[in-house]
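Using our numbering, you'd call the opening residue of the sequence shown number 1 and step up by one each time. We put the beta carbon where it would ideally sit given N, CA and C, even for glycine. Predicted model, so just to flag it, every value in this text is computed and none were measured. Right, one structure below, let's go through it.
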Amino acid sequence: MKLLSYHEPGLGPRIGVLTRDNAVIDITTDEAPGLLELLQICAEERVSLNVLVAEMQELAVNARARPAPWESEEATLYDALNNPPNPDSRHLLPPIEAPEVWGCGVTYKRSSDMRDDDAETDIYSRVYHADRPEIFFKSTARSVVGHQGKIGIRRDSKLTAAEPELAFVLAADGKIAGYTLCNDVSAWDIERDNPLYLPQSKMYNGCCALGPVFITPGEIDDPYSLEIVCSARRGEEELWSGSVNTSQINWKFEQLIEYLLRDNDCPVGTTVATGTGIIAPNDIPLQHGDIVDIHCDPIGTLSNPAEQFSDETDSHA
């Protein structure tokens, strides 16, 4: 099952089921305007997400008070949502309004090697081989953008990079409710200046992109055999590209969850980025207008333009 959140002009945020023929079935209700509320209902009623969504989808299809959107000439198709955020047009939103987003670092060997090349100590290699993973707080919903939303470049950073990652969303029982893609945008120069600056490297407006959709575990044969591909474009020119398979990750997701939830009661819908194994070149930092594409079957492609914040720009927009 694939779910997505999108903006419908005049109605606001909607939650939809993406069918195999790329139609979007609107299952929004007052009680469940989004995926977060669906997961909360699942926790309260002790019902699975698949069962709840199936019931809501059946109700939506059987409701004939007005023609269903997917049956009209203006049917909502997935491709019709591929627009930049604008209140006057349909566009994708982050698949979940995550109350908390956490990140995991140095979970791939190449990330460890790259980071130690630029550090005065081997702290990253030590983390890679340690019994405890690196887990850090990344964002709340206010700093998250969806597909085609603008990711940010801090005004005090000269080397900001994309970090393409597989992410999972937690259900109430600490199990994985589903997966999405994450761009853990990071100001590498700030972190490399001093590891204690990590929060400033990781947390700011537009520092995190999630999307394009949310996919339940049953749609993925093996989360440890997914190919993630990332590229950055500047105009018509491809600046760089890379790929990694999640088979190369050094931690099982259940291990990351166990450490995250130790004496730390994360709310339903908490989203966890599992680390990157694709390292952007140091000599090609993100610039204003660059576009980062992250692709993974069967989740899709998360695409985001970069925006350079400055004294003249409003980073809160």
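So for residue i, helix, strand or coil by DSSP?
i, result
"Ser241", "strand"
"Asp283", "coil"
"Val101", "strand"
"Leu159", "coil"
"Val127", "helix"
"Asp122", "coil"
"Ala80", "helix"
"Glu312", "coil"
"Thr276", "coil"
"Met1", "coil"
"Lys109", "helix"
"Glu74", "Here Glu74 scores only 47 on pLDDT, less than 50, and its place in the model should not be relied on; the value that follows carries that caveat. In the structure shown, Glu74 sits in coil (DSSP, three-state: anything other than H, G, I, E or B)."
Beta-carbon separation of residue i and residue j under 8 Å?
i, j, result
"Leu181", "Gly149", "no"
"Leu166", "Thr274", "yes"
"Val144", "Tyr78", "no"
"Ser243", "His147", "no"
"Lys138", "Cys208", "yes"
"Ser241", "Ser231", "yes"
"Ala141", "Ala98", "yes"
"Cys104", "Ile123", "no"
"Thr216", "Met56", "no"
"Asn250", "Tyr128", "yes"
"Pro285", "Ala162", "no"
"Leu320", "Leu18", "Outside the displayed range of the chain (1 to 317) lies residue 320, so it cannot be described from this structure."
"Thr28", "Arg46", "no"
"Leu93", "Tyr179", "no"
"Thr271", "Val61", "no"
"Cys296", "Ile190", "no"
"Pro95", "Phe168", "no"
"Pro87", "Pro9", "yes"
"Thr276", "Pro133", "no"
"Asn205", "Gly152", "yes"
"Gly16", "Asp26", "yes"
"Leu159", "Asn282", "yes"
"Arg234", "Gln308", "no"
"Thr76", "Arg90", "yes"
"Leu52", "Ile41", "yes"
"Val292", "Asn183", "yes"
Start and end of the alpha helix (DSSP H) containing residue i?
i, result
"Val61", "Leu49 to Asn62"
"Ser139", "From DSSP, Ser139 is part of no alpha helix (DSSP H) but of the beta strand (DSSP E) over Glu134 to Ser139."
"Ile41", "Leu35 to Glu45"
When DSSP builds the beta bridges, which residues end up paired with residue i?
i, result
"Tyr6", "Arg14 and Leu92"
"Leu302", "Ile294"
"Gly178", "Val169"
"Pro164", "Asn183"
"Ile151", "Ala306"
"Ile351", "There is simply no residue 351 to check, as the chain begins at 1 and stops at 317 in what is shown."
"Val145", "Ala209"
Does the ligand SAM have a heavy atom nearer than 7 Å to the CB of residue i?
i, result
"Ile291", "Within the structure as shown, the ligand SAM is missing, as the structure has no ligands at all."
With respect to the beta strand (DSSP E) encompassing residue i, which residues constitute its N-terminal and C-terminal limits?
i, result
"Ala273", "Thr271 to Ala273"
Please check if any C-beta of chain D sits within less than 8 Å of the C-beta of residue i.
i, result
"Arg234", "This model lacks chain D altogether, as it is built from one protein chain only."
### Start-end ranges of the beta strand (DSSP E) lying completely within the segment 188 to 266, minimum 3 residues
208 to 215, 227 to 234 and 237 to 245
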